[in-house]
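Here the structure comes first, spelled out in structure tokens, and everything after it is commentary.
Residue numbers (full-length UniProt numbering): 1 to 607.
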């Protein structure tokens with residue numbers, strides 16, 4: 001389809017993970033746009049799936065739902081995709097749509113500043129290898145950097161004196177041979193649990209960081225001690241292989257694979273019911289009992305009091321167990337909740353005074369999630385200043401931010417959940433972004449930005465809904481500073497977010513440009529109310545016509561009733577123009593058109 005396009009319109013996408021690729025695909029396929037750039041710090045596409053290569057890394061959502069709806073893949077090998085397979089899929093998608101030519105790898109977006117005079121973003125980029133900087137401009141910026149970007153390194157006294165190897169699970173050192181080593185794993189979130197039952201250098205979840213423990217401990221010469229601080233809820237998480245016959249069905253029988261995707265989505269959406277309220281509803285109690293029974297069955301009894309949480313299930317992200325609990329029974333694996341006091345050259349000293357000698361320290365401590373790592377300067381200050389003033393990352397519908405025109409976030413604040421696919425969230429945002437950018441692309445507008453009032457009202461509503469959820473019942477990375485404002489999770493099933501995003505409410509945006517006044521008249525709250533009322537009236541007129549048809553009533557009587565109804569509604573709008581609108585041919589034309597739908601009685605009704 002041909003579109004009128006402002007010749008200077010271009011888009012800068014930050015990040016070449018799933019979100020960035022999905023936006024690029026939409027720009028190409030929906031608009032035929034070729035003038036966009038993807039800035040990526042890494043050497044290739046993939047985002048978190050490129051960087052996280054620890055043993056056991058895989059999706060914690062079934063892969064047929066944790067993939068792009070535009071590019072279904074029939075031959076996934078397992079129910080949950082492993083890191084190598086997911087990364088290969090992303091490479092194929094990139095090749096299919098010719099996105100490599102748009103990518104600027106090894107490039108960091110260090111700063112972006114809104115130029116109000118030119119209505120563009122002034123972007124400063126840097127080659128992370130050479131330090132060379134460059135200044136460019138873009139009509140719009142779409143940030144797709146995600147939240148699993150910056151590894152979190154807790155401050156440990158004396159860590160600089162440690163003589164062994166130290167690394168984060170998100171930056172796994174494959175050059176470090178763990179055979180015969182004593183390994184200290186810090187943290188018991190999703191990634192550490194992976195290190196302890198599959199084959200080395202395979203990868204299982206976003207991201208089951210602690211899942212590497214069962215893998216590395218499979219080697220009996222590796223001694224692992226896991227320093228944990230937080231109890232976590234575990235649920236079964238096997239990677240179930242797809243049979244060849246199933247793959248054939250997905251590939252050759254129309255709609256079966258997409259129906260399979262929808263069934264998975266529905267199942268995971270229903271899980272939200274367990275998180276609604278304070279965890280004391282039927283679904284929450286049922287899932288809690290299931291998780292507790294599973295842990296008590298698999299984990300050694302001596303650890304039950306240490307690892308079974310007292311907070312409601314769902315308050316923290318659930319951990320799909322891929323062998324961690326079972327690995328705790330191995331003689332070369334030990335779990336301790338003693339807090340670390342300091343680190344010495346050859347080991348770790350706990351607050352109880354115990355010294356644990358280790359050769360390698362692995363941080364399985366997650367990511368910094370409450371500090372958005374993008375240096376943006378809008379019309380009223382920086383993005384960090386805005387977030388700090390609001391108690392954490394804040395946005396309108398998780399996508400746009402007041403004071404930052406033509407800026408959009410994929411997987412922004414309060415768009416994710418603890419139970420389902422973030423890709424669905426991102427794909428729900430893309431049509432919303434395109435609708436907002438369409439008038440900018442055409443040249444009718446130069447900028448679009450949400451109002452402060454609408455954003456505050458929306459976030460107040462979110463927090464009110466979040467107050468009645470399990471996420472208030474514990475400290476977690478879903479919250480600013482672990483115990484502050486809940487900035488990550490969406491307080492409902494994601495289909496609700498999709499519904500809210502499906503069509504912009506233009507009266508909640510500030511627009512600038514040559515066609516701004518006409519755009520406000522056409523899309524403002526008054527116009528929306530008129531359209532809603534008009535639709536209601538047409539429906540009412542249709543009902544009256546149906547009554548006339550059923551009862552054989554005269555058209556004059558019913559027409560008079562319709563006129564009174566029309567007048568009442570327009571007077572309610574405060575326009576005082578009801579009578580004039582129904583005088584003449586317009587109203588009679590609508591009425592006659594409705595009667596024309598009833599040909600068998602048309603002669604009677606018009607008599």
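Backbone N, C-alpha and C define an ideal beta-carbon position, used for all residues, glycine too.
Remember, predicted model here, so these are calculated numbers, not experimental data.
Separation of residue j from residue i, as counted between CA atoms
i	j	result
residue 403	residue 310	42 Å
residue 269	residue 347	45 Å
residue 274	residue 263	18 Å
residue 54	residue 174	8 Å
residue 186	residue 336	10 Å
residue 546	residue 289	55 Å
residue 535	residue 542	11 Å
residue 284	residue 8	53 Å
residue 457	residue 395	11 Å
residue 170	residue 488	20 Å
residue 345	residue 216	23 Å
residue 608	residue 111	Nothing about residue 608 can be read from this structure; the chain reaches only from 1 to 607.
residue 194	residue 31	Unreliable placement is indicated for residue 194, whose pLDDT of 41 sits below 50; the coordinate value is still reported in the next sentence. For residue 194 and residue 31, the distance between alpha carbons rounds to 42 Å.
residue 314	residue 465	16 Å
residue 230	residue 254	46 Å
residue 299	residue 323	10 Å
residue 412	residue 113	20 Å
residue 350	residue 478	28 Å
residue 408	residue 462	19 Å
residue 104	residue 92	18 Å
residue 276	residue 491	8 Å
residue 48	residue 316	20 Å
residue 244	residue 251	11 Å
residue 106	residue 159	30 Å
Sequence-distant residues of the same chain with beta carbon closer than 7 Å to residue i, five excluded per side
i	result
residue 50	42, 44, 87
residue 446	119, 440, 512, 513
residue 234	291, 294, 295, 319, 321, 325
residue 241	77, 78
residue 27	11, 33, 36
residue 102	24, 36, 37, 38
CB contact flag (residue i, residue j, <8 Å)
i	j	result
residue 258	residue 72	yes
residue 161	residue 343	yes
residue 616	residue 56	Residue 616 lies beyond the range of the chain shown here (1 to 607); nothing can be said about it.
residue 239	residue 78	yes
residue 109	residue 39	yes
residue 510	residue 451	yes
residue 17	residue 46	yes
residue 23	residue 410	yes
residue 480	residue 391	yes
residue 278	residue 312	yes
residue 419	residue 272	yes
residue 500	residue 397	yes
residue 25	residue 97	yes
residue 61	residue 469	no
residue 433	residue 455	no
residue 222	residue 179	yes
Sequence-distant residues of its chain with Cβ nearer than 6 Å to residue i (five each side left out)
i	result
residue 225	184, 334, 356
residue 467	none
residue 359	164, 181, 182
residue 306	337
residue 401	395
residue 249	256
residue 265	65
residue 424	494
residue 126	108, 110, 133
residue 377	113
Outcome for residue i when other beta-carbon atoms lying within 10 angstroms are tallied against a minimum of 16
i	result
residue 304	exposed
residue 163	exposed
residue 352	exposed
residue 286	exposed
residue 116	exposed
residue 33	buried
residue 58	buried
residue 153	exposed
residue 228	buried
residue 522	exposed
Min CB distance residue i to chain C below 8 Å
i	result
residue 421	The structure shown has no chain C; it contains just one protein chain.
Cutoff 8 Å; reference residue i; Cβ partners in own chain excluding five residues on either side
i	result
residue 6	139, 440, 441, 442, 443
residue 381	403
Open item on the list: Check whether the segment 121-140 and the segment 6-13 touch, using three or more Cβ-Cβ pairs below 8 Å as the test.
Closed with: Touching, per the Cβ criterion.
- [ ] Take every Cβ of the segment 385-395, pair it with every Cβ of the segment 423-442, and state whether three or more of those distances are shorter than 8 Å.
- [x] No: the two stretches stay apart, fewer than three of their Cβ pairs being nearer than 8 Å.
Open item on the list: Is it the case that the segment 327-338 contacts the segment 139-158, given that we only count it when at least three CB pairs across the two stretches are under 8 Å?
Closed with: Not touching, per the Cβ criterion.
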